[in-house]
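Asks: Numbering (UniProt numbering), first residue to last: 1 to 198.
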């Protein structure tokens with residue numbers, strides 16, 4: 001990544017001496033800001049009830065697996081830092097209760113009285129239970145609603161098959177799971193991961 005020259009702007013003033021200030025900002029080639037000035041990376045976990053969204057997040061952020069299932073009833077934000085493009089960035093992940101509909105625009109999201117921040121994320125992680133393939137229908141519906149609600153595609157979609165440890169070898173090699181993997185990777189052109197929160 002090559003840096004362009006320092007260019008004057010109206011922000012980030014550098015004081016020179018005691019009488020004047022000069023404005024400078026570092027920009028990347030092509031006019032983009034460097035990663036440390038771009039704000040946090042945001043992701044939202046979506047899935048049907050009981051698929052293990054919260055368990056995955058608690059394992060990732062706290063190295064803890066909850067032994068009892070507690071239904072997510074309100075929005076929770078998990079925060080951490082990660083290294084991205086040799087810079088430390090804040091990571092914010094939103095865990096929300098199952099949604100009947102994805103908000104079709106910003107007004108719809110704020111008008112429901114409980115804004116969840118779903119329209120301002122960089123990535124959507126759609127989680128389903130590998131032992132209950134009916135939960136994949138929720139992921140398919142959410143994916144379609146997300147794509148229909150935006151006129152751009154400035155975000156990523158990732159599909160996660162959770163509870164891999166609870167299925168048998170026969171189920172793991174079933175045609176249904178192979179079809180889901182093919183659909184997500186080749187037709188939707190999204191990332192696909194199979195995991196276990198344990």
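Even for Gly, the Cβ is constructed at its ideal location relative to N, Cα and C.
If we ignore side chains and look at the alpha-carbon of each, how far apart do residue 24 and residue 76 end up?
Replies: The pLDDT assigned to residue 24 is 45, lower than 50, so where the model puts this residue is not dependable; a value taken from the coordinates is nonetheless given after this. Using only the alpha carbons, I get a separation of about 38 Å.
Asks: By the DSSP assignment, the beta strand (DSSP E) with residue 81 in it spans what residues?
Replies: First-last of the beta strand (DSSP E) with residue 81: 76 to 84.
Asks: Could you round the C-beta distance between residue 46 and residue 96 to whole angstroms and report it? I think they count as a contact, below 8 Å.
Replies: Confirmed, about 7 Å.
Asks: Alpha helix (DSSP H) containing residue 108: first to last residue?
Replies: Segment 106 to 111, the alpha helix (DSSP H) holding residue 108.
Asks: Can you check which of these residues, 50, 191, 52, is closest to residue 123 by C-alpha distance?
Replies: Nearest option by C-alpha distance: 191.
Asks: Look at the alpha carbon of residue 185 and the alpha carbon of residue 159, and state the distance between them as a whole number of angstroms.
Replies: Near 9 Å, if we compare the C-alpha coordinates of residue 159 and residue 185.
Asks: Round the Cβ separation of residue 55 and residue 71 to the nearest angstrom and send it over; I've been treating them as touching at under 8 Å.
Replies: The pair is not a contact, with the Cβ atoms about 12 Å apart (cut-off 8 Å).
Asks: Which parts of the region 106 to 162 are runs of the beta strand (DSSP E), unbroken and 3 residues or longer, counting only runs that do not cross its ends?
Replies: Segments of the beta strand (DSSP E) lying fully in the region 106 to 162: 123 to 129, 156 to 162.
Asks: Compute the distance between the beta-carbons of residue 119 and residue 111, then report whether it is under 8 Å.
Replies: Going by C-beta atoms, residue 119 is not nearer than 8 Å to residue 111.
Asks: Since residue 74 contacts residue 92 with CB under 8 Å, what's their CB separation in whole angstroms?
Replies: That belief does not hold up - the Cβ atoms of residue 74 and residue 92 are roughly 16 Å apart, past 8 Å.
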